[in-house]
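See below for the structure under consideration.
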Amino acid sequence: MSSQPRSVYVKVPASTANLGPGFDALGMALNLYAWIEMSVAQDRTTIQLYGDQMDGVPTDKSNLIYEVAQQVFRKAGVEHPELNISMYSDIPLTRGLGSSASAIVGALVAANALIGSPLSRDELFQMASDLEKHPDNVGASLFGGLIAAFWDGERAEHLRIEPEDRLEVLVAIPEFHLATEKARHVLPTTISMKDAVFNVGHVSLLVAALATGRYDMIRHAMKDALHQPYRAPLIPGMSDILDRAVEHGALGVALSGAGPTLLALVDAAATTPEGKAELERFLRDTLAREGIAATTLWLKPCGEGTQVLTHFDPLCTLIENIKGEVRA
Ligand code: HSE
401 MSSQPRSVYV
411 KVPASTANLG
421 PGFDALGMAL
431 NLYAWIEMSV
441 AQDRTTIQLY
451 GDQMDGVPTD
461 KSNLIYEVAQ
471 QVFRKAGVEH
481 PELNISMYSD
491 IPLTRGLGSS
501 ASAIVGALVA
511 ANALIGSPLS
521 RDELFQMASD
531 LEKHPDNVGA
541 SLFGGLIAAF
551 WDGERAEHLR
561 IEPEDRLEVL
571 VAIPEFHLAT
581 EKARHVLPTT
591 ISMKDAVFNV
601 GHVSLLVAAL
611 ATGRYDMIRH
621 AMKDALHQPY
631 RAPLIPGMSD
641 ILDRAVEHGA
651 LGVALSGAGP
661 TLLALVDAAA
671 TTPEGKAELE
681 RFLRDTLARE
691 GIAATTLWLK
701 PCGEGTQVLT
711 HFDPLCTLIE
721 NIKGEVRA
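Using our numbering, read the sequence shown as starting at 401 and increasing by one per residue.
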C-alpha cells in the first residue's frame, strides 16, 4: 500500500466539448490549466480560491471541489470531513472551456491521491460522467488528448486519439457568461431523423479526419444540426463566424461546449503568422460588430490529462509553487 502524502497537488487541463457535431460525445483537452492543492485539515475546512475567475464561487462546504472530494472518500470507505483546499485557475468560468469539469476532475484525482489512490482512473471517469451527465469535458480533462465517448446513464466508455502537434486552436472568449444550463434549455427535446443522420455522418467523418490526419476534411465535417443552430441566437456574431471562418484560414470552426466561446482549428504547419493574425482579427471584429468584446487566445491540444504533481514544495503556498506557469 502506498504511503499517504501530507498534501497533494494536481494540474488539470481545460477542455472544449462537442467540436461541432459531437454533441456530448467529443472533447479535447487544451493547454490552459487549473491547479488544486488538497490536504486533510487539523480542525476545520479552509478553501482558498485564487485568480480573477473565482468571483462568487463558494468557499464553504458547498464548494464543488469539497463536495466531490467527499464523494471519493465515501466510495473508498474513508472519512475526512475537514480539508484544506486551494485552487488557482486560468480557465474562465461559464465560457464553454470546461471550468466545472476541470474542478470535478481535479477534485476526484486530488482526493483519490490523498488517500493512496484506491480508485482507478476508470472509476473516477464513471464518477465524473455521472456528475456532469455527459463525458466530453470530463473525459478530455481526465485523460488528455481528443476523446470520443458516451455515457448511457450507467456507464461511460471512451477512446482517446493523440492530437497531432500541428493542430492549433484559436479561441475567442466573449466577455459575457453563459451558463450551460441556459444553453441546454434552448435545445429541442426531440429532433428529426434528417438532423440525426446529418450529425451521425458529420461526426463520423470528423473523428476519422482527426484520427487519420486528413485535416482537409475538417471543413466538411465540422458542422452540426443538433445544438449550434439553437444556441446561435444566444451569441451574436456566432452564425457569421461559423459560416465564414474557413474562408479566413480555419480548418473548421465550432461553438466551444455550450459557449459562448468560439473555437477555430488551425493547421499550424500550413498557416503563416499573417494568416493566423487574419483569422484572429476576423473572429474579434465579427464579435465586435455585434457589440461583443472578446479575448482571443492561441492554444494547443493538451496531450496529458490530469497530473498529480510530485515536484511541488510543501513548505510553499500553491501560488508560490505555480509561479511562472500561470498565465496571469
Ligand atoms: N456537451 C455539453 C453541451 C458541454 O454542449 O451542453 C457543456 O457542458
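Don't be surprised by glycine CBs; every beta carbon is placed ideally from N, CA and C.
Residue i in three-state terms, based on DSSP
{"i": "residue 624", "result": "coil"}
{"i": "residue 696", "result": "strand"}
{"i": "residue 454", "result": "coil"}
{"i": "residue 721", "result": "helix"}
{"i": "residue 566", "result": "coil"}
{"i": "residue 558", "result": "strand"}
{"i": "residue 598", "result": "helix"}
{"i": "residue 402", "result": "With a pLDDT of 46 at residue 402, under the threshold of 50, the modelled position of this residue cannot be trusted; read the value that follows with caution. Three-state result, residue 402: coil."}
{"i": "residue 411", "result": "strand"}
{"i": "residue 550", "result": "strand"}
{"i": "residue 656", "result": "coil"}
{"i": "residue 666", "result": "strand"}
{"i": "residue 418", "result": "coil"}
{"i": "residue 578", "result": "coil"}
{"i": "residue 587", "result": "coil"}
{"i": "residue 715", "result": "coil"}
{"i": "residue 612", "result": "helix"}
{"i": "residue 618", "result": "helix"}
{"i": "residue 465", "result": "helix"}
{"i": "residue 691", "result": "coil"}
{"i": "residue 727", "result": "coil"}
{"i": "residue 495", "result": "coil"}
{"i": "residue 542", "result": "helix"}
{"i": "residue 522", "result": "helix"}
{"i": "residue 534", "result": "coil"}
{"i": "residue 686", "result": "helix"}
{"i": "residue 504", "result": "helix"}
{"i": "residue 643", "result": "helix"}
Inter-residue Cα distance where the pair is residue i and residue j
{"i": "residue 482", "j": "residue 466", "result": "9 Å"}
{"i": "residue 690", "j": "residue 668", "result": "29 Å"}
{"i": "residue 434", "j": "residue 530", "result": "21 Å"}
{"i": "residue 457", "j": "residue 464", "result": "9 Å"}
{"i": "residue 446", "j": "residue 555", "result": "34 Å"}
{"i": "residue 711", "j": "residue 408", "result": "10 Å"}
{"i": "residue 443", "j": "residue 480", "result": "11 Å"}
{"i": "residue 432", "j": "residue 570", "result": "12 Å"}
{"i": "residue 436", "j": "residue 416", "result": "20 Å"}
{"i": "residue 403", "j": "residue 450", "result": "Here the model assigns residue 403 a pLDDT of 48, short of 50, so the residue's position is not dependable, and the following value carries that caveat. If I take the Cα positions, the gap works out to 29 Å."}
{"i": "residue 499", "j": "residue 535", "result": "14 Å"}
{"i": "residue 627", "j": "residue 521", "result": "30 Å"}
{"i": "residue 538", "j": "residue 568", "result": "21 Å"}
{"i": "residue 620", "j": "residue 510", "result": "40 Å"}
{"i": "residue 624", "j": "residue 724", "result": "39 Å"}
{"i": "residue 649", "j": "residue 659", "result": "21 Å"}
{"i": "residue 508", "j": "residue 674", "result": "42 Å"}
{"i": "residue 551", "j": "residue 558", "result": "9 Å"}
Beta carbon of residue i nearer than 8 Å to that of residue j
{"i": "residue 707", "j": "residue 440", "result": "no"}
{"i": "residue 524", "j": "residue 438", "result": "no"}
{"i": "residue 701", "j": "residue 546", "result": "yes"}
{"i": "residue 671", "j": "residue 684", "result": "no"}
{"i": "residue 419", "j": "residue 617", "result": "no"}
{"i": "residue 471", "j": "residue 527", "result": "yes"}
{"i": "residue 661", "j": "residue 561", "result": "no"}
{"i": "residue 645", "j": "residue 638", "result": "no"}
{"i": "residue 496", "j": "residue 703", "result": "no"}
{"i": "residue 544", "j": "residue 714", "result": "no"}
{"i": "residue 686", "j": "residue 640", "result": "yes"}
{"i": "residue 718", "j": "residue 486", "result": "yes"}
{"i": "residue 453", "j": "residue 504", "result": "no"}
{"i": "residue 549", "j": "residue 654", "result": "no"}
{"i": "residue 694", "j": "residue 575", "result": "yes"}
Residues sharing a beta bridge with residue i, DSSP
{"i": "residue 448", "result": "486"}
{"i": "residue 433", "result": "413"}
{"i": "residue 572", "result": "662 and 696"}
{"i": "residue 701", "result": "430"}
{"i": "residue 439", "result": "407 and 484"}
{"i": "residue 708", "result": "410"}
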